[in-house]
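Numbering (our numbering), first residue to last: -5 to 139.
Note that CB positions come from ideal geometry on N, CA and C, so glycine has one too.
Just below is one structure, and these are the notes that go with it.
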């Protein structure tokens, strides 16, 4: 006896949705690293963040930018999928509110930890670019009741 999955993740539509969400996560990371390249290589901004008390500032490199963008994208995907299971009729709207709030709250890091005005602006730009790519791209994939 075989069982067939049902729901928003089943079948060809589910595969297409997962592919689109994966592409959105990768696009967010690509946008972040491109922004990092523009900031550091073309504009000459030194992206540094304060560490723990008494530690020297840490340089924010491409690997950290890609890793952070991928983690943010996967967390966004997971939260959207969870909301689709818990509240399918309101998932997209609730997720948009959650994602916007997370983006705004994420700006506290650059504002508090950037070592210079340029670093604060550059780190905030990385957060904004990543969020402004991820949020609309993932929202388009939300299951509609």
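Please give the ranges of any alpha helix (DSSP H) in the stretch -3 to 73, keeping only runs that are unbroken, at least 4 residues long and fully inside the region.
5 to 31
Among 36, 111 and 85, which one has its Cα closest to the Cα of residue 133?
Translated into the one-based positions of the chain shown, residue 133 becomes position 139. Closest option to residue 133, Cα to Cα, is 85.
message: Taking 8 Å as the cut-off, does the stretch 20 to 32 touch the stretch 47 to 67 (at least 3 CB pairs, one atom from each stretch)?
response: yes
Would a C-beta distance cut-off of 8 Å place residue 74 and residue 136 closer than the cut-off? For the purposes of this step, residue 74 is identified with residue 80 of the chain shown, where counting begins at 1. For the purposes of this step, residue 136 is identified with residue 142 of the chain shown, where counting begins at 1. Contact flag set, yes.
Could you pull out every residue in the same chain whose Cβ sits closer than 8 Å to the Cβ of residue 92, ignoring the five residues on either side in sequence?
Here residue 92 is taken as the residue at index 98 of the chain shown, counted from 1. Excluding residues within five positions, the ones whose Cβ falls inside 8 Å are 73 and 77.
- Are the CB atoms of residue 125 and residue 117 nearer to each other than 8 Å? Numbered from 1 along the chain shown, position 131 holds the residue referred to as residue 125. Numbered from 1 along the chain shown, position 123 holds the residue referred to as residue 117. Cβ atoms of residue 125 and residue 117: not closer than 8 Å.
Looking only at its chain, what residues have a beta carbon closer than 8 Å to the beta carbon of residue 122, apart from the 5 residues adjacent to it on each side?
On the chain shown, position 128 is the one that residue 122 refers to. Excluding positions up to five away in sequence, the list reads 97 and 101.
- What runs of the alpha helix (DSSP H), each 4 residues or longer, lie entirely inside the stretch 70 to 100? 85 to 100
message: Does residue 110 pass the burial test, meaning 16 or more other C-beta atoms within 10 Å, or should it be called exposed?
response: What you label residue 110 is simply residue 116 of the chain shown in a count that begins at 1. Classification for residue 110: exposed.
### Message
Given the structure, does residue 30 come close to the ligand NAD, in the sense that its CB is under 7 Å from one of the ligand's heavy atoms?
### Response
Of ligands this structure carries none, so the ligand NAD is not represented either.
For residue 45, collect the residues of the same chain with a Cβ closer than 8 Å to its Cβ; drop the 5 residues on either side in sequence, then sort them by chain order.
Position 51 of the chain shown, counting from 1, holds the residue named residue 45. For residue 45, where only same-chain residues beyond five positions count, the Cβ hits under 8 Å are 51 and 52.
So residue 18 and residue 131 are supposed to be a Cβ contact under 8 Å. How far apart are they, rounded? Position 24 of the chain shown, counted from the first residue, corresponds to residue 18. Position 137 of the chain shown, counted from the first residue, corresponds to residue 131. Their Cβ separation, rounded to whole angstroms, is 4 Å, which keeps residue 18 and residue 131 in contact under 8 Å.
Practice task
May I ask which residues mark the beginning and end of the alpha helix (DSSP H) holding residue 124?
Solution key: In the chain shown, residue 124 corresponds to position 130, counting from 1. Here the alpha helix (DSSP H) through residue 124 covers 111 to 133.
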